[in-house]
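Colleague:
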Amino acid sequence: MVDDGGREVVVDTLSAEELLSRAQGLVPVAIEKAQDVKGFPGRWKMIIEKLEQIPSRLSDLSCHPFFSKNALCIEQLQTVLKILREAIELADLCVKQKYEGKLQMQSDLDALSGKLDLNLRDCGLLIKTGVLGEVTLPSAVASTSTEPEAASLGNVRELFARLQIGHLEAKHRALDNLVEVMKEDEKNVLAVLGRSNIAALVQLLTATSPRIREKTVTVICLLAESGSYENWLVSEGVLPPLIRLVEFGSAVGKEKATICLQRLSLSSETARSIVGHGGVGPLIEICRTGDSVSQAAASCTLKNISSVPEVRQTLADEGIIKVMINLLDCGILLGSKEYAAECLQNLTSTNDNLRRSVIEEGGIRSLLAYLDGPLPQESAVGALRNLVGSISTEVLVSLGLLQRLVHVLKSGSLGTQQAAASAICRICSSTEMKKLVGETGCIHLLVRMLEAKANDAREVAAQAISSLMTLSCNRREVKRNDKSVPNLVALLDPSPQNTAKKYAVSCLSSLSSSKKCRKLMISYGAIGYLKKLNEMEIPGAKKLVEHLEKGKLKSLFSRK
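The structure is reproduced here in structure tokens:
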């Protein structure tokens, strides 16, 4: 660079005060030169207006006590000097009419105007972000600082500021550094993160450079996984660019964007927004063609979305049922299969049309095949429970569904046992089915479930037994089990948490015709429980307690 006296000056060696002084001296020179130009009056008028704003911005910068020690401020002053020099040179060319061509000069002036806009904006952002309040220490000084954490926080603030200020290559470097810092010290990054930083990151997701988009979505993915910034990310408009990356991004971009959506879709409101922004189609395509990690993230995202009842038909219209069934059969990762089973369970929980669609697409066989695998089976059994009411007895028998449910009751986790018992309740809609279920030997397994710690499991087991006991052959099976009466009497507990009591009353009423069973009920304290349930107006409690007390009175007289 050459100063006004013709001497060579290396800008990088100047202090902040020297740079500020030179910039303040060049502004009037640039304005005067621009005013002398006769050609391109419209363009030069806009340039002059922007040049006239520079002094106030420089004044704002210089008012900060640490501006002379901040690397960003020094870089900004260097850029101001460069732009002012360029304005003077272009003005001289226009005055002397020594430019190569009119169109080229118009392009150069438009470029200068854009640089002035960017510079004025960056100066404003430097003040707005508060980064001038941080002293950027040289690396040698920072390594010996007695306050490393404070220095680190300042560096993180500077990195966030650089995401909003300067040219694209500088933002590349800032993103690289930010990713490394987050990997090593995520706590410090999150400590200084503000909403404006989130907005800047979201804006970079739409950059023309694929590399910028990849690095940005990596940072946003880390923020989403931290679990603290979902609301800010969504409110700043992160969903549309994420969905575009899922659809058109590079392999890395697709993977990171899908993982972001997986985390954000945990919110029902955000799940609806993903559907509203057209995210279902790209996610389904990832399930069809994506790599293992992307496929698992996409299937989990769709599973989260399927938990929202009002969007399930939209999912079905996009072809989700066939894709989820295919994942059950051919998912790359075991997790993808598990998410697919959960998704099918959600889809079939309330909608008869979707149940029929799953059955027509062969979902029953795929769910049964999934039960033979090593994964948690609760969702698959839950999906089958939703479907059994829409399947004929012949199909149930031919597919061996009853035997699978009995196997789950024998060896499954409590959650899968509960889902299996619930499926049995739905199957028992006819005398024929109740007889078939009783013949599988599941009654004794259901009686054992009455001892479960989970109230929901006890309730569904009692409900299944109550339904089965309308047949005499099944009642005999219940009577043969020595634990039936004690377990059922225990479920007469009147506490509000016990939701199985009405089914226990029904089961015991069916057994009360047996003298032996009545004696057992009385010996385990059923009368006291039933009197309390009668006060609570539980159906059948009054009649059963009267029956037991009458039998007790007859027994007393017979002994006398």
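The sequence shown lines up with residues 1 to 560 when you count with UniProt numbering.
We put the beta carbon where it would ideally sit given N, CA and C, even for glycine.
Owing to the predicted nature of the structure, the values given are computational and were not obtained by experimental measurement.
For I359, which residues from the same chain have a beta carbon less than 8 Å from its beta carbon, with the 5 sequence-adjacent residues on both sides left out?
Modeller: Residue 359 sits at position 359 when you count from the first residue of the sequence shown. These residues qualify, in order along the chain: L387, S390, I391.
Colleague: Confirm, please, whether the CB-CB distance from V37 to V95 is below 8 Å.
Modeller: In the sequence shown, counting from the first residue as 1, residue 95 sits at position 95. In the sequence shown, counting from the first residue as 1, residue 37 sits at position 37. Cβ atoms of V95 and V37: closer than 8 Å.
Colleague: For the alpha helix (DSSP H) containing S299, list its first residue and its last residue.
Modeller: Position 299 of the sequence shown holds residue 299. Note, S299: alpha helix (DSSP H), 292–306.
Colleague: Go through the region 306–376 residue by residue and report every complete run of the alpha helix (DSSP H) that reaches 4 residues or more, in order.
Modeller: Listed in chain order, the complete alpha helix (DSSP H) runs (minimum 4 residues) inside the region 306–376 are 312–317, 320–330, 334–347, 352–360, 363–371.
Colleague: Which whole-angstrom value describes the C-beta separation of A23 and F67, a residue pair presumed to lie in contact below a C-beta threshold of 8 Å?
Modeller: The residue given as residue 23 occupies position 23 in the sequence shown. The residue given as residue 67 occupies position 67 in the sequence shown. Going by Cβ atoms, the distance from A23 to F67 rounds to 13 Å, so no, they are not a contact pair.
Colleague: Using DSSP with H/G/I as helix, E/B as strand and the rest coil, what is L14?
Modeller: Looking up residue 14 in the sequence shown gives position 14. Correct three-state label for L14: coil.
Colleague: What are the start and end residues of the alpha helix (DSSP H) that includes T258?
Modeller: Position 258 of the sequence shown, counted from the first residue, corresponds to residue 258. Element bounds for T258: 251–264.
Colleague: Could you tell me the distance, in whole angstroms, from the CA atom of W44 to the CA atom of M105?
Modeller: On the sequence shown, residue 44 is found 44 positions in, with the first residue counted as 1. On the sequence shown, residue 105 is found 105 positions in, with the first residue counted as 1. Each residue's Cα considered, the two are about 11 Å apart.
Colleague: With respect to the alpha helix (DSSP H) encompassing T79, which residues constitute its N-terminal and C-terminal limits?
Modeller: Here residue 79 is taken as the residue at index 79 of the sequence shown, counted from 1. Unbroken alpha helix (DSSP H) run through T79: 71–96.
Colleague: Measuring straight from C-alpha to C-alpha, what distance separates E158 and A271?
Modeller: Position 158 of the sequence shown holds residue 158. Position 271 of the sequence shown holds residue 271. Their Cα atoms are separated by approximately 34 Å.
Colleague: State the Cα-Cα distance for the pair S467 and V275, rounded to the nearest angstrom.
Modeller: The count along the sequence shown starts at 1 and reaches residue 467 at position 467. The count along the sequence shown starts at 1 and reaches residue 275 at position 275. Going from the Cα of S467 to the Cα of V275 covers about 41 Å.
Colleague: Can you tell me where the alpha helix (DSSP H) holding L446 begins and where it ends?
Modeller: Within the sequence shown, the letter at position 446 stands for residue 446. Its alpha helix (DSSP H) spans residues 443–449.
Colleague: Helix, strand or coil: how does DSSP classify S40 here?
Modeller: For the purposes of this step, residue 40 is taken as residue 40 along the sequence shown, with counting starting at 1. Looking at the sequence provided, one finds Phe at residue 40 rather than Ser. In the structure shown, F40 sits in coil (DSSP, three-state: anything other than H, G, I, E or B).
Colleague: Using a Cβ-Cβ distance cut-off of 8 Å, determine whether I47 contacts chain D.
Modeller: In the structure shown, chain D cannot be found, because there is only a single protein chain.
Colleague: Give the C-beta separation of L245 and T301 to the nearest angstrom, bearing in mind that I take them to be a contact with Cβ-Cβ under 8 Å.
Modeller: By 1-based counting over the sequence shown, the position of residue 245 is 245. By 1-based counting over the sequence shown, the position of residue 301 is 301. With a Cβ gap of about 13 Å, L245 and T301 do not count as contacting.
Colleague: Quick one: complete alpha helix (DSSP H) runs, 4+ long, within the region 195–258?
Modeller: Whole alpha helix (DSSP H) segments, 4+ residues: 195–204, 210–226, 230–235, 239–248.
Colleague: How should P374 be labelled, buried or exposed, when 16 other C-beta atoms within 10 angstroms of its C-beta is the threshold for buried?
Modeller: Stepping through the sequence shown from its first residue, residue 374 is reached at position 374. With fewer than 16 Cβ atoms within 10 Å of its Cβ, P374 is classed as exposed.
Colleague: Does the Cβ of N346 have 16 or more other Cβ atoms within 10 Å, making it buried, or fewer, making it exposed?
Modeller: To locate residue 346, count along the sequence shown from 1; it is residue 346. N346 is buried by the Cβ-count criterion.
Colleague: How should E134 be labelled, buried or exposed, when 16 other C-beta atoms within 10 angstroms of its C-beta is the threshold for buried?
Modeller: Start at 1 with the first residue of the sequence shown, and residue 134 comes out as number 134. With a pLDDT of only 49 at E134, under the threshold of 50, the placement of this residue in the model should not be trusted; the figure read from the coordinates follows. Label assigned to E134: buried.
Colleague: My parser needs the beta strand (DSSP E) runs of 3 or more residues fully inside the region 407–488; what are they?
Modeller: Fully enclosed beta strand (DSSP E) runs of 3 or longer: not present.
Colleague: Output the distance between the C-alpha atoms of K516 and L548, rounded to the nearest integer angstrom.
Modeller: What you label residue 516 is simply residue 516 of the sequence shown in a count that begins at 1. What you label residue 548 is simply residue 548 of the sequence shown in a count that begins at 1. Taking the straight line from one Cα to the other gives about 12 Å.
Colleague: Just to confirm, is the Cβ distance from K502 to P494 under 8 Å?
Modeller: Position 502 of the sequence shown, counted from the first residue, corresponds to residue 502. Position 494 of the sequence shown, counted from the first residue, corresponds to residue 494. Going by C-beta atoms, K502 is not nearer than 8 Å to P494.
Colleague: List the endpoints of the continuous alpha helix (DSSP H) containing H172.
Modeller: The count along the sequence shown starts at 1 and reaches residue 172 at position 172. From DSSP, the alpha helix (DSSP H) with H172 extends over 168–192.
Colleague: Below 6 Å CB to CB, which residues in the same chain sit around L371 once its five sequence neighbours on both sides are set aside?
Modeller: Within the sequence shown, the letter at position 371 stands for residue 371. Q377, A380, R404.
Colleague: For N353, count neighbouring C-beta atoms within 10 Å of its own C-beta (all shown protein chains included) and say buried if the count is 16 or more, exposed if not.
Modeller: Counting from 1 along the sequence shown, the entry for residue 353 is found at position 353. Answer is exposed; the Cβ neighbour count stays below 16.
Colleague: Going by C-alpha distance, which of I320, M324, A421, C343 is nearest K303?
Modeller: Taking the sequence shown and counting its residues from 1, one reaches residue 303 at position 303. Among I320, M324, A421, C343, the Cα nearest to that of K303 belongs to C343.
Colleague: Which residues mark the beginning and the end of the alpha helix (DSSP H) in which I165 is found?
Modeller: Along the sequence shown, read from residue 1 onward, the residue named residue 165 stands at position 165. Taken as a continuous stretch (DSSP letters only), I165 belongs to no alpha helix (DSSP H), as it is neither H nor E.
Colleague: Which whole-angstrom value is the C-beta distance of L367 and L328, which I expect to be below 8 Å?
Modeller: Taking the sequence shown and counting its residues from 1, one reaches residue 367 at position 367. Taking the sequence shown and counting its residues from 1, one reaches residue 328 at position 328. That belief holds up - the Cβ atoms of L367 and L328 are roughly 7 Å apart, short of 8 Å.
Colleague: From this set, L51, P28, L58, which residue's C-alpha is nearest E18's C-alpha?
Modeller: Start at 1 with the first residue of the sequence shown, and residue 18 comes out as number 18. For the residues L51, P28, L58, the minimum Cα distance to E18 belongs to L58.
Colleague: Taking its Cβ as the centre, do 16 or more other Cβ atoms sit within 10 Å of G114, making it buried, or is it exposed?
Modeller: Counting from 1 along the sequence shown, the entry for residue 114 is found at position 114. Exposed is the call here.
Colleague: So, I165 versus L120, is the Cβ gap smaller than 8 Å?
Modeller: Residue 165 sits at position 165 when you count from the first residue of the sequence shown. Residue 120 sits at position 120 when you count from the first residue of the sequence shown. No, Cβ-Cβ distance for I165 and L120 is not below 8 Å.
Colleague: For the alpha helix (DSSP H) containing I391, name the first residue and the last one.
Modeller: As a first step, residue 391 is located in the sequence shown; it is residue number 391 there, counting from the start. Premise fails: I391 is in no alpha helix (DSSP H) and is neither H nor E.
Colleague: Whole-angstrom Cβ separation of K254 and S294, contact assumed at under 8 Å?
Modeller: The count along the sequence shown starts at 1 and reaches residue 254 at position 254. The count along the sequence shown starts at 1 and reaches residue 294 at position 294. That belief holds up - the Cβ atoms of K254 and S294 are roughly 6 Å apart, short of 8 Å.
Colleague: Given a threshold of 16 other Cβ atoms within 10 Å of its Cβ, counted over all protein chains shown, does G249 qualify as buried or as exposed?
Modeller: Stepping through the sequence shown from its first residue, residue 249 is reached at position 249. The residue in question, G249, is buried, as its Cβ has 16 or more Cβ neighbours within 10 Å.
Colleague: Start and end of the alpha helix (DSSP H) containing S379?
Modeller: Working through the sequence shown from its first residue, we reach residue 379 at position 379. Taken as a continuous stretch (DSSP letters only), the alpha helix (DSSP H) holding S379 covers 378–387.
Colleague: Specify, as a first and last residue, the run of the alpha helix (DSSP H) that Q106 falls within.
Modeller: Residue 106 sits at position 106 when you count from the first residue of the sequence shown. Counting along the chain, the alpha helix (DSSP H) containing Q106 begins and ends at 102–128.
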